[in-house]
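So the structure is just underneath, and the comments pick up after that.
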Amino acid sequence: MKGFKLLFTLSFCFFSFQTLFSQQKSEELHNVIEQVQDHKSYEVKEFPLGLYTEDHYRRESLFASEQLKKVNLLNASEMSQTDMISLELLKYKLQETIDTFEYKLYLNPLLSDAGFHLSLPYNVTQLADYSQVKTYLNKLNAIPEYVGQHLILLRKGLELGITQPKVIFEGYESTYNDQLVKNYKDSYYYSPFNDLPSGLSESQKDSVLDAAEKAIKKSVLPEFKKIKKFFDKEYLPKTRTSLGVSEIPNGPEFYQNRLNYYTTLDLTAEEIHEIGLKEVARINTEMKQIIEEVNFEGTFEEFILFLRTDPQFYANTPEELLKEARNISKKIDAQLPRFFKKLPRKPYGVTSVPDAIAPKYTTGRYISPQEDTQPGYYWVNTYDLPSRPLYVLPSLTAHEAVPGHHLQISLNAELGDSIPKFRRRFYLSAYGEGWGLYSEFLAEEMGIYTTPYEMFGKLTYEQWRACRLVVDTGIHALGWTKKQAVDFLRTNTALSFHEINTEVDRYISWPGQAVSYKIGELKIRELRKKAEKELGENFDIRDFHEVILSQGTVTLAIMEKLVDDYIQNEKKIQ
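What follows is the structure in structure tokens.
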């Protein structure tokens, strides 16, 4: 009996020590997380649009390095599942801050369809109260400093050869020329003042409109003139003529770093290229089966031409395109309870891409709310309607709205208090875009594709993402020309010529990001297939989706661990 008591006492002490040790490690992690979350690199009142100086990025990198040293000393095996995930994601977040400075990403704040000046329209929203009105006015008046900081960075980028290729800037002049209106009231940035909150008094409205006029005339229009002069006289004449990022200083090393970041895996460009070629061949086979199904008499190329040119596949007005997008959205909404246990509280709207950025913008995008009073938005590009086929709209809607980005990002933002704040706004392309592409596959199970042409649209969108694996790596690692990239997409997808050119410019300007979609989707489908096989008739699609979504954004390695644990736990119950 005494031996038993001694054994019990020793066991209890050991268990207590383990518990205390685990708690200590969790507390150390939470302390670092709090330091990161509470860290303020600038005062928002002083810089309403943010701080963009080289010294700022240097200080951020030093801070991240200090915190990363602390978390690298922690042992994840002694933590809870949630803490282990938080630890790995914090490392990822901190390392990206360090890499941003090391590879001087901040010197190149431009993409073919985005850029520092193209980020400004995201601040243009409906104003709900007087406080939001004042905040918006402050942002407008901060534009001169915002522009000045970015021009300093871009000029240094020109000096060091860290720039975008000249080839992507065809038509880019519209991004600033369209803002140079003669009447300040015609400015896109004035539009929120046309519908001021009803709670404002008449004197407040008069004061606001006076301040708005001054802001547009003194802080907005002159800055876009300055932007125009910079691009026309300095940047475009001097930027590089080479194509792939491998041509810039430290280019090959930088490209591998981007592949690692965007896929969250350790894959080489050659491996990704090969995965892409295999997927392209597989999807082509399925596309040809649909061509046979609709009894089309002609070649694959002729069928693609038919889809690109027949009026039956295109909306006649922007309103018609938006109406169809909204209709598809509601059809999917009705299917969500069959596939998900938890749905987001935040609603979403469907609207067009703002005219100010539409010409060079992608075919659609999800825009997260900036305020609690705002919904999310599924943006549909209604510019150049002959390049916006209706047969791809179900896939686009499933990806950008629900069950894609709106559902996933909103659930991420609504995670419980056990999840640190930094994870609620955290985004990794392999997870988020992988989920978006998986959602297009899920829409088929929901019965959203109602014609063979819409199924072909679904396949052409999947093929588009598979082609990205080939084209992105081709451009940035294998020496491809833009013509090779364009021809590959023209041959293998039913995308319009406008979309193809827009997309290729995007891949050129954003190395590595485009491969994340297909890599992430392949992993989710692989894990679902594994769970279905292991669990058989006990597989529950709602449970599986809960596992994928319940911890929010994670790396693909963490996702695989979550699914493996789910499978083992379900087997124990059986």
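Here the sequence shown stands for residues 220 to 793, where the numbers follow the numbering used here.
All C-beta atoms in this analysis are idealised placements derived from N, C-alpha and C, irrespective of residue type, glycine included.
{"Asked": "With 16 other Cβ atoms within 10 Å as the buried cut-off, status of R644", "Found": "exposed"}
{"Asked": "Where I586 sits in the DSSP three-state scheme", "Found": "strand"}
{"Asked": "Whether P556 touches L626 by CB criterion (7 Å)", "Found": "no"}
{"Asked": "Opposing strand residues paired with W598 [DSSP bridges]", "Found": "T570, R584"}
{"Asked": "Selected residue, minimal CA-CA separation from Y395, among D405, I371, N360, K445", "Found": "K445"}
{"Asked": "Backbone secondary structure at G698 - three-state DSSP", "Found": "coil"}
{"Asked": "Within the stretch 263-308, ranges of the alpha helix (DSSP H) (whole runs, at least 4 residues)", "Found": "273-291"}
{"Asked": "N-terminal and C-terminal residue of the alpha helix (DSSP H) that F519 is part of", "Found": "519-528"}
{"Asked": "CA-to-CA distance, V689 to E493, given in whole angstroms", "Found": "7 Å"}
{"Asked": "Option in E247, G334, F763 with minimal Cα separation from R725", "Found": "G334"}
{"Asked": "Sufficient close CB pairs (3 or more, under 8 Å) joining the stretch 282-302 to the stretch 339-355", "Found": "no"}
{"Asked": "Three-state secondary structure assigned by DSSP to T774", "Found": "coil"}
{"Asked": "Residues near R744 by beta carbon distance below 8 Å, same chain, minus five either side", "Found": "Y657, F660"}
{"Asked": "P563 - DSSP class collapsed to helix/strand/coil", "Found": "coil"}
{"Asked": "Residues of its chain near S629, where Cβ-Cβ distance is below 7 Å and the 5 sequence neighbours each way are ignored", "Found": "P563, K565, G595"}
{"Asked": "Whole-angstrom distance between L478 and A733, CA atom to CA atom", "Found": "10 Å"}
{"Asked": "Beta-carbon proximity of V621 to I551, cut-off 7 Å", "Found": "yes"}
{"Asked": "L330 in three-state terms, based on DSSP", "Found": "strand"}
{"Asked": "Nearest-angstrom Cβ-Cβ length linking L326 and K375, presumed shorter than 8 Å", "Found": "6 Å"}
{"Asked": "Identified DSSP bridge partners for Y533", "Found": "P608"}
{"Asked": "Candidates V611, G771, H717, P267: closest to G635 by CA position", "Found": "G771"}
{"Asked": "Host alpha helix (DSSP H) of S200 (start-end)", "Found": "What is shown of the chain runs 220 to 793, which leaves residue 200 out entirely."}
{"Asked": "Pairwise C-alpha distance: G755 and T601", "Found": "45 Å"}
{"Asked": "Inter-residue spacing [alpha-carbon to alpha-carbon] between E779 and P537", "Found": "42 Å"}
{"Asked": "Helix, strand or coil at S637 according to DSSP, with G and I counted as helix", "Found": "coil"}
{"Asked": "CA nearest to the CA of H764, picked from K752, Y785, T774, A776", "Found": "Y785"}
{"Asked": "Environment of N788 [buried if 16+ CB atoms lie within 10 Å]", "Found": "exposed"}
{"Asked": "Proximity below 7 Å, CB of S438 to CB of P530", "Found": "no"}
{"Asked": "Residues of its chain near V290, where Cβ-Cβ distance is below 8 Å and the 5 sequence neighbours each way are ignored", "Found": "L248, V251, L306, L309, K310, L313"}
{"Asked": "Residues near Y580 by beta carbon distance below 7 Å, same chain, minus five either side", "Found": "D332, V572, N600"}
{"Asked": "Inter-residue CB distance, T774 and T319 (contact presumed, cutoff 8 Å)", "Found": "That belief does not hold up - the Cβ atoms of T774 and T319 are roughly 18 Å apart, past 8 Å."}
{"Asked": "DSSP state of W797 mapped onto helix, strand, coil", "Found": "Because the chain spans 220 through 793 in this model, residue 797 falls outside it and cannot be assessed."}
{"Asked": "Whole runs of the alpha helix (DSSP H) within the stretch 636-686, excluding any shorter than 4 residues", "Found": "640-643, 648-664"}
{"Asked": "Whether L708 touches I694 by CB criterion (7 Å)", "Found": "no"}
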